[in-house]
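Okay, structure first, notes after.
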Ligand SMILES: Cc1cc2nc3c(=O)[nH]c(=O)nc-3n(C[C@H](O)[C@H](O)[C@H](O)COP(=O)(O)OP(=O)(O)OC[C@H]3O[C@@H](n4cnc5c(N)ncnc54)[C@H](O)[C@@H]3O)c2cc1C
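In the working numbering, the protein residues as written are 604 to 1025.
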């Protein structure tokens, strides 16, 4: 269906990065209203202050992008020099009771020599053989790094995150998320102590004040956003959508697709109930702690003496995140974990973390099955002719970082504007 010039009212459901970005991109061409169920913008990037200490309720969000169009758009909203810091990543892996540089394959020289020797033999073997294309994450890691490095680091670390056999983790989420070095590159990087610079967060921007909440607050400026506005019904009514009863010409859904079957009526949606119900995901418990002084941005922890996989040293990102000079950080656990279990686990985690607060977010990691992308694409084909669009990490079930969410908003806003002028 064509969008004519008279169809001009847009409901954006969800005030996370995706919803705020597309609302900004469309606001000069349409009358845009953003509905956000929480009392402030941000979604996954929101932060609170606990007794003055900045608390990322999910992750420890930092920003960068490989895409020039995304960076240009983003920096129109901010003064990069005055409002942000740019920091090279200083990540470490806590293994053998010490900190080894990240990524581990560039720091083989820091491992015990007998282990380094085994890894080199396996890598050279890899260079000589042509393996068939890996079918799952386990095969990918074994082929890429060899069995010793897989067993030492990649398996235990990734099993903590994914909480499943890595054979059951599909490869579709991987694109651009992990470095894929050749054996020659690994050996060269070890001999010359080369730092990894290809990945999106090899260096990153971070707001001097208020972390990623600063980004959300700025992106919400100049928009009409209704807070504490949980949308529970989206009804097709002739050529309109009724969003909680209010008519709109276009709806952009940036919430969680799992809640869509209960909300939507007036379009043929039945075939999608079952595949949507079967979508898999993980949540994250983020524990705010006071931690010992250290030089790191992230610390990865494969060690099985506790359940956490990562410390994000958010207090090192900006001194304004800390109070009384005591360094803060968040410690991540996959899925829900009780306060009692958290306290037990903290005893075995490096940097002597002292508990301050914790928060569980049920939807943080979408897991794509082999049919997920195809299903979402078919659903879009059903909804888009009626001017209902899906955008965002859990609306599209994509492993988006902030910059990918902004990139997706750019493509969608362009396509909506183009249709409008047809
Ligand atoms: C642990 C972790 C660490 C991460 N670290 C980084 C990082 O360092 N850098 C980076 O770039 N990216 C990072 N990401 C990814 C980043 O969080 C996402 O790309 C981004 O926040 C996705 O934004 P979104 O708007 O698509 O989704 P969300 O942030 O989930 O926004 C959805 C919004 O919709 C609202 N909503 C839902 N349903 C309704 C409803 N019915 N009515 C009204 N409102 C509704 C929600 O309240 C929410 O505000 C990380 C993600 C995780 C899980």
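Ideal placement from N, C-alpha and C gives every residue a C-beta, glycine not left out.
Cβ-heavy atom distance, residue i to ligand 1, below 7 Å
i           : result
residue 620 : yes
residue 642 : no
residue 647 : yes
residue 862 : yes
residue 887 : yes
residue 764 : no
residue 833 : yes
residue 967 : yes
residue 664 : yes
residue 661 : yes
residue 813 : no
residue 616 : yes
residue 951 : no
residue 857 : yes
residue 639 : yes
residue 692 : no
residue 871 : no
residue 821 : no
residue 626 : no
8 Å Cβ cutoff met for residue i and residue j
i            : j            : result
residue 906  : residue 632  : no
residue 826  : residue 613  : no
residue 900  : residue 693  : yes
residue 1022 : residue 910  : no
residue 688  : residue 721  : no
residue 1027 : residue 773  : In this structure the chain extends from 604 to 1025, so residue 1027 is not present and cannot be described.
residue 925  : residue 656  : yes
residue 880  : residue 908  : no
residue 620  : residue 1005 : yes
residue 991  : residue 653  : no
residue 1013 : residue 765  : no
residue 812  : residue 917  : no
residue 954  : residue 1019 : no
Nearest-angstrom beta carbon gap, residue j and residue i [assumed within contact, 8 Å]
i           : j            : result
residue 819 : residue 1009 : So it is not a contact: roughly 12 Å between Cβ atoms.
residue 809 : residue 733  : The pair is not a contact, with the Cβ atoms about 43 Å apart (cut-off 8 Å).
residue 840 : residue 985  : Contact doesn't hold; Cβ gap of about 17 Å is too wide.
residue 843 : residue 850  : 4 Å
residue 769 : residue 739  : 7 Å
residue 705 : residue 1002 : About 20 Å; that fails the 8 Å criterion.
Ligand 3 heavy atom lying under 7 Å from the CB of residue i
i           : result
residue 749 : No copy of ligand 3 occurs in the structure displayed; its ligands are ligand 1 alone.
- prompt: Are the region 930–949 and the region 884–904 touching, with three or more C-beta to C-beta distances below 8 Å?
  reply: yes
- prompt: Touching or not, the region 644–662 and the region 964–978, by the rule of three or more beta carbon pairs under 8 Å?
  reply: yes
- request: Evaluate the contact criterion for the region 870–889 versus the region 618–634: three or more CB pairs, one atom per stretch, below 8 Å.
  value: no
task: Check whether the region 840–857 touches the region 994–1002, counting contact only when three or more Cβ pairs, one atom from each stretch, lie closer than 8 Å.
output: yes
message: Below 8 Å, how does it come out for the region 797–812 and the region 827–835: are there three or more Cβ pairs, yes or no?
response: no
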